[in-house]
Amino acid sequence: NAGVTQTPKFQVLKTGQSMTLQCAQDMNHEYMSWYRQDPGMGLRLIHYSVGAGITDQGEVPNGYNVSRSTTEDFPLRLLSAAPSQTSVYFCASSPLVTDTQYFGPGTRLTVL
Amino acid sequence: GQQLNQSPQSMFIQEGEDVSMNCTSSSIFNTWLWYKQDPGEGPVLLIALYKAGELTSNGRLTAQFGITRKDSFLNISASIPSDVGIYFCAGQPYSNTGNQFYFGTGTSLTVIP
Numbered sequence: 265n266a267g268v269t270q271t272p273k274f275q276v277l278k279t280g281q282s283m284t285l286q287c288a289q290d291m292n293h294e295y296m297s298w299y300r301q302d303p304g305m306g307l308r309l310i311h312y313s314v315g316a317g318i319t320d321q322g323e324v325p326n327g328y329n330v331s332r333s334t335t336e337d338f339p340l341r342l343l344s345a346a347p348s349q350t351s352v353y354f355c356a357s358s359p360l361v362t363d364t365q366y367f368g369p370g371t372r373l374t375v376l
Numbered sequence: 505g506q507q508l509n510q511s512p513q514s515m516f517i518q519e520g521e522d523v524s525m526n527c528t529s530s531s532i533f534n535t536w537l538w539y540k541q542d543p544g545e546g547p548v549l550l551i552a553l554y555k556a557g558e559l560t561s562n563g564r565l566t567a568q569f570g571i572t573r574k575d576s577f578l579n580i581s582a583s584i585p586s587d588v589g590i591y592f593c594a595g596q597p598y599s600n601t602g603n604q605f606y607f608g609t610g611t612s613l614t615v616i617p
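Sequence lines, in order, name chains A and B. In this text, residue positions in the first sequence follow the working numbering: the first is 265, and each later residue adds one. In this text, residue positions in the second sequence follow the working numbering: the first is 505, and each later residue adds one.
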């Protein structure tokens, strides 16, 4: 198993550009989530999904969209990038909502 | 959102010393997790705790779910250089209706050989 994979590993955007961060898992996990990590603030939940076709907002959802068309994939879309979205983004998955989560290696995003 | 207070924020210790860190919340938690993050990597689960008073070990690591259900502790015995990294606590509140785990701000550990 590859576990949780994320692409790209690094990305630089200009303000106003859009992009999609990819996340995939091959463990048949139902629960997937996106976090952002900023210095001194730990990880904060952006969006999550409890299964294909079901998504919900986390703590900091503004400026981000998600969809879950398959169990394996959970892409995160930035509609119009802003400098405040400069961060490290982690995708995670778990078998069930209450299970411990497994994290991907992260995407480091810089918005100029 | 839920606030988890993790302390200390950073630690500098000599190789071979023991380490203690803790995490407290303002409300009761159902689950406490401890993760370690190496530079440039995602967090990796170290220990998971599911009931009050539970004490669980993973090699040189020991973690406890506090009796009040509002805190948790992680101890590392006989530290070695590869223990360097950032340690995060995470938890799921008892009143959780959002299927969400909350994370502490991390403890940065430096081990001096």
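Think of the CB as a built atom: it goes at the ideal place given N, C-alpha and C, for glycine as much as any other residue.
Inset, instruction - Report the residues of the stretch 549-560 of chain B with a CB closer than 8 angstroms to any CB of chain A, ordered along the chain. - result: Closer than 8 angstroms at the C-beta level to chain A, one finds these residues of the stretch 549-560 of chain B: L549, A552.
Legend entry - Whole-angstrom distance between L342 of chain A and A377 of chain A, CA atom to CA atom: There is simply no residue 377 of chain A to check, as chain A begins at 265 and stops at 376 in what is shown.
Legend entry - Close beta carbons around K574 of chain B, own chain, < 8 angstroms, minus the five adjacent residues each side: T528, S529, S530, S531, I532, F533
Legend entry - Near-chain B residues of the stretch 265-291 of chain A - C-beta to any C-beta below 7 angstroms: Near chain B, meaning a CB-to-CB distance below 7 angstroms, no residue of the stretch 265-291 of chain A qualifies.
Legend entry - Outcome for G557 of chain B when other beta-carbon atoms lying within 10 angstroms are tallied against a minimum of 16: exposed
Inset, instruction - List the residues that DSSP assigns as beta-bridge partners of R341 of chain A. - result: A:T284, A:N329
Inset, instruction - Examine chain A for any beta-carbon lying closer than 8 angstroms to the beta-carbon of P543 of chain B, and answer yes or no. - result: no
Inset, instruction - Note down, in chain order, every chain A residue with its Cβ under 7 angstroms from the Cβ of L578 of chain B. - result: Residues of chain A passing the Cβ test: none, with the nearest at roughly 15 angstroms.
Inset, instruction - Use the C-beta contact count for F516 of chain B: other C-beta atoms within 10 angstroms, 16 or more gives buried, fewer gives exposed. - result: Here F516 of chain B is exposed: its Cβ has fewer than 16 other Cβ atoms, across all protein chains shown, within 10 Å.
Inset, instruction - Indicate whether S612 of chain B and I590 of chain B have their beta-carbon atoms separated by less than 8 angstroms. - result: yes
Inset, instruction - Could you check the C-alpha separation between P347 of chain A and L376 of chain A for me, to the nearest Å? - result: 6 angstroms
Legend entry - Inter-residue Cα distance where the pair is D587 of chain B and D522 of chain B: C-alpha separation (whole angstroms): 11 angstroms.
Inset, instruction - Can you pull the chain A residues whose beta carbon is under 8 angstroms from the beta carbon of T609 of chain B, in chain order? - result: G304, M305, G306, listed in chain order.
Inset, instruction - Could you tell me which chain B residues have their CB closer than 8 angstroms to the CB of G370 of chain A, listed as they occur along the chain? - result: G544, E545, G546
Inset, instruction - Alpha carbon to alpha carbon, how far is D302 of chain A from N526 of chain B? Give it in angstroms, no decimals. - result: In this structure, the alpha-carbon of N526 of chain B lies about 21 angstroms from that of D302 of chain A.
Inset, instruction - Could you tell me the distance, in whole angstroms, from the CA atom of T614 of chain B to the CA atom of T284 of chain A? - result: 35 angstroms
Legend entry - Cβ-based burial, A345 of chain A [other Cβ within 10 Å; buried from 16]: buried
Inset, instruction - In angstroms with no decimal places, state the Cα-to-Cα distance between S282 of chain A and N562 of chain B. - result: 43 angstroms
Legend entry - Between the CA atoms of L340 of chain A and G544 of chain B - distance to the nearest angstrom: Looking at the backbone, the Cα of G544 of chain B and that of L340 of chain A are separated by about 20 angstroms.
Legend entry - Residues near W536 of chain B by beta carbon distance below 6 angstroms, same chain, minus five either side: L553, F569, S576, G595
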